[in-house]
Amino acid sequence: QKEVEQNSGPLSVPEGAIASLNCTYSDRGSQSFFWYRQYSGKSPELIMSIYSNGDKEDGRFTAQLNKASQYVSLLIRDSQPSDSATYLCAVNNSGKSTFGDGTTLTVKP
Amino acid sequence: GAVVSQHPSRVICKSGTSVKIECRSLDFQATTMFWYRQFPKQSLMLMATSNEGSKATYEQGVEKDKFLINHASLTLSTLTVTSAHPEDSSFYICSARVGGGTGELFFGEGSRLTVL
Chain A
5 QKEVEQNSGP LSVPEGAIAS LNCTYSDRGS QSFFWYRQYS GKSPELIMSI
55 YSNGDKEDGR FTAQLNKASQ YVSLLIRDSQ PSDSATYLCA VNNSGKSTFG
105 DGTTLTVKP
Chain B
31 GAVVSQHPSR VICKSGTSVK IECRSLDFQA TTMFWYRQFP KQSLMLMATS
81 NEGSKATYEQ GVEKDKFLIN HASLTLSTLT VTSAHPEDSS FYICSARVGG
131 GTGELFFGEG SRLTVL
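If you read the protein sequences in the order shown, they are chains A and B.
This note's numbering applies: residue 5 is where the first sequence begins, and numbers increase by one.
This note's numbering applies: residue 31 is where the second sequence begins, and numbers increase by one.
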């Protein structure tokens, strides 16, 4: 079992729809959780960080964390073609970050 | 967010040569930096943790004599790929964390190495 698991996709949604990205992790001691967006050929850029159970909203993005279920998700509302990228889930424990393999999202105009 | 700069962005070299990649934190001091490698359509793999003023910590399976890391100042870490071979061709990305160990990582632009 991988430490951080994501559906590889590809996930395809129409423009304006909600995209839902999911991530599970195995280390119950994990303390902080992040979503990164990576365009093809580029390095990752931070989209959201979340540290406690519940929802955290930032613009069109909402991160959800459930530590009991070891689950973290990212919702993208009003998806745009520019959101088409690979989304990486990262889990941090005591300074060590572990990344999932990423979910590729395609938003079709 | 914090700015991490990486140079060069692309490098092509002949097999057997050595290549140095620089990673700088531009607006903060980074006592720790991280070096990742990413092959096409794969996720980030942590190669090593670079510690200012001390030896780097390498992940299992990463050859420390092949991937030399130097972190001589609070704003600069370098990765040298020694005697590069075609199988070392990859996307190398450095990152640094602002604040404590639970904070987010900020990534450099990445360096694409092609070994002929």
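We put the beta carbon where it would ideally sit given N, CA and C, even for glycine.
All values derive from a computational prediction rather than experimental measurement.
If we count the other Cβ atoms within 10 Å of its Cβ and call it buried at 16 or more, is residue i buried or exposed?
{"i": "residue 146 of chain B", "result": "exposed"}
{"i": "residue 40 of chain B", "result": "exposed"}
{"i": "residue 42 of chain A", "result": "buried"}
{"i": "residue 102 of chain B", "result": "exposed"}
{"i": "residue 78 of chain B", "result": "buried"}
{"i": "residue 51 of chain A", "result": "buried"}
{"i": "residue 72 of chain A", "result": "exposed"}
{"i": "residue 56 of chain B", "result": "exposed"}
{"i": "residue 59 of chain B", "result": "exposed"}
{"i": "residue 44 of chain A", "result": "exposed"}
{"i": "residue 54 of chain A", "result": "buried"}
{"i": "residue 22 of chain A", "result": "exposed"}
{"i": "residue 51 of chain B", "result": "buried"}
{"i": "residue 105 of chain A", "result": "buried"}
{"i": "residue 58 of chain A", "result": "exposed"}
In this structure, how does DSSP classify residue i when only helix, strand and coil are distinguished?
{"i": "residue 80 of chain B", "result": "strand"}
{"i": "residue 118 of chain B", "result": "helix"}
{"i": "residue 114 of chain A", "result": "Any question about residue 114 of chain A goes unanswered here, given that chain A covers just 5 to 113."}
{"i": "residue 74 of chain B", "result": "coil"}
{"i": "residue 40 of chain A", "result": "strand"}
{"i": "residue 59 of chain B", "result": "coil"}
{"i": "residue 4 of chain A", "result": "In the structure displayed, chain A extends from 5 to 113; residue 4 of chain A sits before or after that span and is not available."}
{"i": "residue 18 of chain A", "result": "strand"}
{"i": "residue 34 of chain B", "result": "strand"}
{"i": "residue 58 of chain A", "result": "strand"}
{"i": "residue 54 of chain B", "result": "strand"}
{"i": "residue 64 of chain B", "result": "strand"}
{"i": "residue 53 of chain A", "result": "strand"}
{"i": "residue 74 of chain A", "result": "coil"}
{"i": "residue 24 of chain A", "result": "strand"}
{"i": "residue 150 of chain B", "result": "Look at the range of chain B in this structure, 31 to 146, and you will see that residue 150 of chain B is not part of it."}
{"i": "residue 142 of chain B", "result": "strand"}
{"i": "residue 132 of chain B", "result": "coil"}
{"i": "residue 81 of chain A", "result": "coil"}
{"i": "residue 125 of chain B", "result": "strand"}
Report back the beta-carbon spacing between residue i and residue j to the nearest angstrom; my notes put them in contact at under 8 Å.
{"i": "residue 65 of chain A", "j": "residue 80 of chain A", "result": "6 Å"}
{"i": "residue 123 of chain B", "j": "residue 133 of chain B", "result": "The pair is not a contact, with the Cβ atoms about 18 Å apart (cut-off 8 Å)."}
{"i": "residue 120 of chain A", "j": "residue 69 of chain A", "result": "Any property of residue 120 of chain A remains undetermined from this structure, which presents chain A solely from 5 to 113."}
{"i": "residue 128 of chain B", "j": "residue 32 of chain B", "result": "5 Å"}
Note down, one range per segment and in chain order, each beta strand (DSSP E) of at least 3 residues found wholly within the stretch 83 to 108 of chain A. 89 to 97 and 100 to 103
Complete beta strand (DSSP E) runs within the stretch 84 to 116 of chain B (minimum length 3 residues, chain order): 97 to 103 and 106 to 111
So, do the stretch 78 to 89 of chain B and the stretch 111 to 120 of chain B have three or more beta carbon pairs nearer to each other than 8 Å? no
Three CB pairs or more closer than 8 Å across the stretch 44 to 51 of chain B and the stretch 28 to 35 of chain A: no
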